[in-house]
Amino acid sequence: MAILVTGGTGYIGSHTCVELLNEGYEIVVVDNFYNSKPIVVDRIKEITGKDFKFYEADCCDKEAMEKIFSENKIEGAIHFAGYKAVGESVAKPVMYYQNNIDSTLTLIETMERHNCYVLAFSSSATVYGSPKTCPIKEDFPLSTTNPYGTTKLFIERILQDVYVSNNKWSIALLRYFNPIGAHKSGLIGENPNDIPNNLMPYINKVAAGELPILHVFGNDYDTKDGTGVRDYIHVVDLARGHIAALRKIMTQTGVEPYNLGTGKGYSVLEMVENFEKANGVPVKYQIDARRPGDIATCFADGTKAKEELGFTCQYEIDEMCRDAWHYIEEEKKRNK
Ligand code: WQD
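Each position in the sequence shown, counted from 1, maps to that position plus 673 in this note's numbering.
Put into structure tokens, the structure is as follows:
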């Protein structure tokens, strides 16, 4: 019996495949490489020394998904596949709604046809919108400020309706905070080809000399130093959170949201300082205007995941910064 990982060659998907294989799960991976590269399949096998079936396909493709479930005994799925750039979603909302929702509907239909009712969904802290207070609990009000976040909110609602229609379903809605870092091997990680939207990949490119300076989006927020505060979680901790959630949904039915975050908030300037201290590499920055849509502070209350999933984060911010940079350095050596 295998676990299907959609989007399994992506940043979080690939790290979760490594943890699943290390835990002894059999996996089947499907990805269309929209936001990843084929080499990641080999890297996952190299890290774990284990083999697995891979399908290059789009999760919106009904025939492709039917083929995967017909050819494999799938006992559960972790659904990462989806577009995830906030800015792009504002410019191309229809593309985001069509892809993120259709791929999920196709997956659900195929799973039901094959009597498979165990699903972990890759949601996001973005469904909390602009929370009035922090730390954020799972029962906080949900609201979104961009089409990407709205696709996550819509899919959470769809999955709740699916459970009401068929109580055999067991679904975890995993709300990620800010994933950063990379596997210790330096073989998988995050290094977008284009100009990064997110803070850590941008810091990495400035440290590597690929970009001249970090633009800090505002220092007039109501935070410790005026810059934005976020809950950065090591991507390997995030992957471990999926294993903890999978264990739980294998044993019971229902639909439950879980925050996957450390519960600690770091400002942008603290992240620059932590990165420089951890890696001994300077990161030049300048203060710029706020980025539209940004919120001041966002960090998790991880109590529910700890109490119900037995999940707690193991990595601290210095390791996250070191592992993120180690991947960049290893990639540079490989591409020489
Ligand atoms: C973090 C902080 C910025 C870049 C986003 C998505 C969210 C989730 C995680 C998918 C903020 C500041 C950033 C830069 C900066 N993705 N910053 N200069 O916005 O918290 O969340 O990624 O689920 O949906 O919204 O992450 O890394 O973009 O920003 O000053 O060049 O760094 O203002 O305070 P964010 P981020």
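Glycine included, every Cβ here is placed at the ideal spot set by N, Cα and C.
Return the chain-ordered list of same chain residues with a C-beta closer than 6 Å to the C-beta of residue i, the five sequence neighbours on each side being excluded.
i: Thr985; result: Lys979
i: Ala754; result: Thr679, Gly680, Cys732, Ser776
i: Asn745; result: Ala675, Val701
i: Glu1003; result: Gly859
i: Thr689; result: Ala912, His915
i: Phe742; result: Thr783, His787
Which word fits residue i, buried or exposed, when buried means at least 16 other C-beta atoms lie within 10 angstroms of its C-beta?
i: Pro814; result: exposed
i: Asn840; result: exposed
i: Asp867; result: exposed
i: Glu929; result: buried
i: Pro852; result: buried
i: Ile712; result: exposed
i: Asp898; result: exposed
i: Phe948; result: buried
i: Asp910; result: buried
i: Val835; result: buried
i: Tyr641; result: Residue coverage of the chain in this structure runs from 674 to 1009, which leaves residue 641 outside it and unanswerable.
i: Glu736; result: exposed
i: Val791; result: buried
i: Pro885; result: exposed
i: Asp715; result: exposed
i: Asp893; result: exposed
i: Arg903; result: buried
i: Asn1008; result: exposed
i: Glu719; result: exposed
i: Val691; result: buried
i: Ser838; result: exposed
i: Pro808; result: buried
i: Val767; result: exposed
Kindly examine the ligand WQD and report whether one of its heavy atoms sits closer than 7 Å to the Cβ of residue i.
i: Tyr821; result: yes
i: Asp867; result: no
i: Ser843; result: no
i: Leu694; result: no
i: Thr679; result: no
i: Asn851; result: yes
i: Ser797; result: yes
i: Gly901; result: yes
i: Lys957; result: no
i: His752; result: no
i: Leu887; result: yes
i: Cys971; result: yes
i: Asp724; result: no
i: Lys757; result: yes
i: Ala872; result: At residue 872 the sequence reads Leu, which differs from the Ala that was named. Yes, since a heavy atom of the ligand WQD falls inside the 7 Å radius drawn around the Cβ of Leu872.
i: Arg913; result: no
i: Arg964; result: yes
i: Tyr875; result: yes
i: Val713; result: no
i: Asp967; result: yes
i: Phe890; result: yes
Among the residues of its own chain, which have a CB less than 7 Å from the CB of residue i, if the five just before and after it don't count?
i: Ile747; result: Ala675, Leu677, Val701, His787, Cys789
i: Val763; result: Asn819, Pro820
i: Lys825; result: Ser796, Ser797, Thr799, Val800
i: Met993; result: Ile853, Gly854, Tyr905, His907
i: Ala696; result: Checking the sequence, you will find Glu at residue 696 rather than Ala. Counting only Cβ-Cβ distances below 7 Å, and skipping sequence neighbours, we find Ile916.
i: Thr823; result: Thr817
i: Thr779; result: Cys732, Cys733, Lys735, Met738
i: Val987; result: It is Gln, not Val, that sits at residue 987 in the sequence shown. Correct list, in chain order: Asp910.
Ignore the nearest five residues each way along the sequence and tell me which others in residue i's own chain have a CB closer than 8 Å to its CB.
i: Gln925; result: Ser843
i: Asn772; result: Cys733, Gly755, Tyr756
i: Ala917; result: Ala978, Leu982, Gly983, Phe984
i: Asn705; result: Glu729, Ala730, Asp731, Cys732, Ala754
i: Ile685; result: Phe753, Ser795, Tyr849, Pro852, Val908, Leu911, Ala912
i: Leu846; result: Phe794, Ser796, Glu829, Leu832, Val928, Glu929, Pro930, Tyr931
Could you check whether the Cβ of residue i sits closer than 8 Å to any Cβ belonging to chain D?
i: Leu911; result: In the structure shown, chain D cannot be found, because there is only a single protein chain.
Cβ contact (3+ pairs, closer than 8 Å) linking the region 815 to 823 and the region 857 to 877: no
Touch test, the region 735 to 750 against the region 715 to 723, Cβ-Cβ under 8 Å, three pairs minimum: No: the two stretches stay apart, fewer than three of their Cβ pairs being nearer than 8 Å.
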